[in-house]
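See structure below.
Residue numbers (this note's numbering), protein chains in the order written: chain G, 6 to 287; chain W, 1028 to 1184; chain A, 10 to 708.
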């Protein structure tokens, strides 16, 4: 097995083009998944590319109508950057603890593709576009189209995420609710992110994303569009049909953290709570 | 195996070890620096925490391959500093040390916090220490110790 | 003349510097030249018989160690001797050790361990409460008569779950051959338990086994009896291989295969007279003992004895069972049976009050124990009880009554709960005099330095400091003149295990007597030794067979108040505040006692609402620090604790026990608060958001 520390991003893509490498960014997921007995090396099953030190992939740039975030920008850096949207910060501060946040990256969170991923939940909410590159080529994709299932993405062996683009939006209210076993260092049992823009009593932009209740994040853009342009009370009066629309999509499981009955109930509680209070400032 | 060069407690060092070794094991087994502890091996307890470029990182999740060119400080290096003395005194005065296994990690977490925020509120202290588990103290005296250090160490951070 | 300080006045702990700096050598920090590493091969099934073992090719210098290598007995000597050192034919729980693989390279050892092939004939595992391994009973007064003349009877069942000690330092030993004998350095609470077990398993004399305590990174009972298992395995390996061996558990194997707090089911029945006084009570408690009994019988005993807690009930009938199941054997954890029972009785007495329409506070006060009353086992509460004052103070500082009233409004989703409790100090009944027979030694050298020689372990709770403080104070010398090193059985007598909240009261008490004697006989510049042995206070009478008399020489008392907020949307509990008042006689160091209060309470409250561990067909579902949830700095509430002095004449400076007291009341306090917040009776802990949702729907 080959283990390589590329000196530049270009070099990284070069190695990746061989098709045998797995990218290790922060390592907080991969080092747990592949852990071995103490004082023995991690049990990786393929060639490994250690890209943690590619500082050229660490940046946050305000491009006017969107924000670009380099793939290796860590959560702690994002938390301190003024251009990063509040709702994303509300999410990141609840992830693990400071030490994990110092090496954790959105790109890594995407690559790991856990159904309980919190960063990914926010990327769905914020309509994140990913810039994915391979040697000699680049493509862009909406986050919804990149993650396909637990641990599964459309990234090929030769590709890696270069950058995340967040279109800028203004919201009159955002909410992030994470339900974990405790108030820090917890994997989500169920999580909710909501954002709305209300102008003159009309709902102009309505978004909700629910995590850890299906194989991928649940975001129903058609349901949101259906109620965009309505008055606040019209939307709130439709709460039952809105909730019903989510029923086929909210299909959580039983595991060591929680059970499906609880997760389902709380997911719907959170949807209702957001809709019914979307006009109330915190 | 590969040669990895980094700064450790102020000195440049090169180790020749597999890149997929945990940095915690490099410290403890290869370099004899046992001040960083293994409590869980999965980044939950923080007993293994070191400072990379002044910020807290769990060394049990850090492969050697991620340390190339970095500036690392462990408790062995940190305990030579003036800031350490302030924290040490504060921890002792407030009774914040019981079994002590979490303590070096707590000290590193405190340094990481005060380095970025010299006058933290209690809420900020709680958040900064959230990745360091303690089973003995209920955290209360540790909060007091960090507050005390922030006060006594005025100007140092 | 210098005014003598009050002993309670806090001083700087003597071992903090070495711990903060990272210098303290915990077991896994220790390296011995030429040492090998050991890994355990374990049963993957809950119950069965080993049919065949196929070993991989063992390279030179790599060994297997199993039951066939045991010189004397394949039993780990504990209170009850049913725990094998290595499984020989039968396996009785998932994770049960069958052999060790030992060798110089960890990766090779690991691969060899992974490639041991064992064929089993599987048997049907037992997980229910059907196979009783220990059955105990006691009674008081005439409970049949009480129930016959009762105007009303009320009955409830209560359940508690596992609790994992989750000490941050996993278990381990480093062992080596020294002077033809076995030396074991480890993370332990009881050097002599380990020594005696190894002597027994190996068939060796006492001069051939040396046990040394390394700094312990947390224990809470989890390192009380369990280390004897790994120590015996290690000794067998040492005999076979004759090289130093490092044997450290990984977190997951520690969590999956070491002892935990016994899950319990308790049935409570009360008989009330026409004035709504409880005139009789029946209780039946079942503990899930896991695969082996070990010291579960003693856990059961202590649990049963706590049945009436801080209340006086004249007629009792109490039954208890330890049920054997094919799960990890359970064992000691701070509180040792009391937390399970105190949860049950505190909730029960509240539920009775609610059912009969009385204010629980008033109802409980009416039944509260007073000095001179008979205990649950017909002993006597001889010493003054200041519980009334403690409750008053707790009510004051927490504003309990106002809040309790305000939170009756369901819409607040807030609640406040108060628990009152006692904890018997020291070993039950005649344990100290019949089984332990503690000995302490003070040795003064010719430079007049005094060496404390006891087997008591400092696992964070402070005897390294408090014992030196105590002895120095009595001898009227500076603390620097008194030493107390980590116990080494080569040098220290058996002063008993570091358990049962006995360390200060009993061992400290003996040291105080020794110090007084030394002071009286002090000869400057001369070597002197003083030895003291435990003497049972003659007023303590106990019949182990009928479980009648004074179960404990003294009791410590506590009051916990906990305030919570429950989320309407997620059912999550936020513990916003916690207050406590403790009577532990006299604090030998106030800040150290407060540290115990903070930590014990955090554990006790978390036991009530946060810490979840369950198994599925014998496989634990939570086996690491990610899945087993203990509180972080963001979870713990604001805590305010107070100590009220109530000196016990036979304790050093009046000190009683404190180690366990601070945990036992947390769970009922938080459960009662949650109960108020959601308007439903809580009968099961941990009261997780999932269970809260269920209670709101169906309760």
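Even glycine gets a Cβ: it sits at the ideal position worked out from N, Cα and C.
- Scanning chain W for C-beta atoms nearer than 7 Å to the C-beta of residue 46 (chain G) yields 1045, 1047 and 1048, reported in chain order.
- With contacts defined by Cβ atoms closer than 9 Å, residue 586 (chain A) and residue 653 (chain A) do not form a contacting pair.
- With respect to chain A, the C-beta atom of residue 1168 (chain W) has a partner C-beta closer than 9 Å.
- Annotation for residue 433 (chain A): the continuous beta strand (DSSP E) segment containing it runs 423 to 434.
- Listed by position along chain A, the residues whose Cβ is nearer than 7 Å to that of residue 1130 (chain W) are 28 and 29.
- Taken residue by residue, none of the stretch 175 to 200 of chain A has a beta-carbon sitting less than 8 Å from a beta-carbon on chain G.
- Rounded to the nearest whole angstrom, the C-alpha separation of residue 501 (chain A) and residue 577 (chain A) is 57 Å.
- Distance from the CA of residue 667 (chain A) to the CA of residue 1167 (chain W), rounded to the nearest whole angstrom, comes to 18 Å.
- Residue burial annotation: residue 10 (chain G) is buried, with at least 16 other C-beta atoms found within 10 angstroms of its C-beta.
- Note that the stretch 528 to 540 of chain A does not touch the stretch 221 to 229 of chain A; fewer than 3 beta-carbon pairs, one per stretch, sit closer than 8 Å.
- Each of W:1031, W:1102 and W:1133 was checked against the Cα of residue 641 (chain A), and the nearest Cα belongs to W:1133.
- For the C-beta of residue 190 (chain G), the chain A residues within less than 9 Å are, from N- to C-terminus, 634, 635, 638, 641 and 643.
- If you keep only unbroken beta strand (DSSP E) runs of at least 3 residues inside the stretch 608 to 685 of chain A, you get 647 to 652.
- The straight-line gap separating the alpha-carbon atoms of residue 570 (chain A) and residue 401 (chain A) is approximately 12 Å.
- Considering only beta carbons, the part of the stretch 117 to 135 of chain A lying closer than 7 Å to chain G consists of 119, in chain order.
- Residue 246 (chain G) is classed as exposed because its beta carbon has fewer than 16 other beta carbons within 10 Å across all chains shown.
- Residue state for residue 238 (chain G) is assigned as helix, using DSSP reduced to three classes.
- Here DSSP, grouped into helix, strand and coil, assigns residue 175 (chain G) to coil.
- For the pair residue 55 (chain G) and residue 145 (chain G), the Cα-to-Cα distance works out to about 24 Å.
- Annotation: the stretch 1072 to 1132 of chain W contains the following complete segments of the beta strand (DSSP E) (minimum length 3 residues), in chain order: 1076 to 1079, 1082 to 1085 and 1098 to 1100.
- The three-state reading of DSSP puts residue 245 (chain A) in helix, counting H, G and I together.
- Residue 432 (chain A) counts as buried, since no fewer than 16 other beta carbons sit within 10 angstroms of its beta carbon.
- Contact between residue 611 (chain A) and residue 1165 (chain W) holds, with the beta-carbon distance rounding to 4 Å and staying under 8 Å.
- For residue 406 (chain A), the uninterrupted alpha helix (DSSP H) run begins and ends at 396 to 407, by DSSP.
- Residue pairing of residue 1058 (chain W) in beta bridges, as defined by DSSP: absent, with no partner found.
- At least one CB of chain W lies nearer than 9 Å to the CB of residue 43 (chain G).
- The Cβ atoms of residue 257 (chain A) and residue 247 (chain A) lie no closer than 9 Å to each other.
- Counting only residues of its own chain and dropping the five nearest sequence neighbours on each side, residue 248 (chain G) has a CB closer than 7 Å to the CB of 273, 276 and 277.
- Around the Cβ of residue 144 (chain A), a 10 Å sphere holds fewer than 16 other Cβ atoms; the residue is exposed.
- Using a CB distance cut-off of 9 Å, residue 270 (chain A) does not count as an interface residue toward chain W.
- In the three-state reduction of the DSSP assignment, residue 518 (chain A) falls in the helix class.
- The beta carbon of residue 685 (chain A) is closer than 6 Å to those of 416 and 424 in its chain, skipping five residues each way along the sequence.
- Per the coordinates, the alpha-carbon of residue 494 (chain A) lies some 16 Å from the alpha-carbon of residue 32 (chain A).
- Sequence-ordered contacts of the stretch 1123 to 1153 of chain W with chain A read 1124, 1125, 1126, 1127, 1128, 1129, 1130, 1131, 1134 and 1153 [C-beta pairs closer than 7 Å].
- Straight-line measurement puts the Cα of residue 1160 (chain W) at about 16 Å from the Cα of residue 1139 (chain W).
- Against chain W, the beta carbon of residue 216 (chain G) has no neighbour under 8 Å; the closest one sits roughly 20 Å away.
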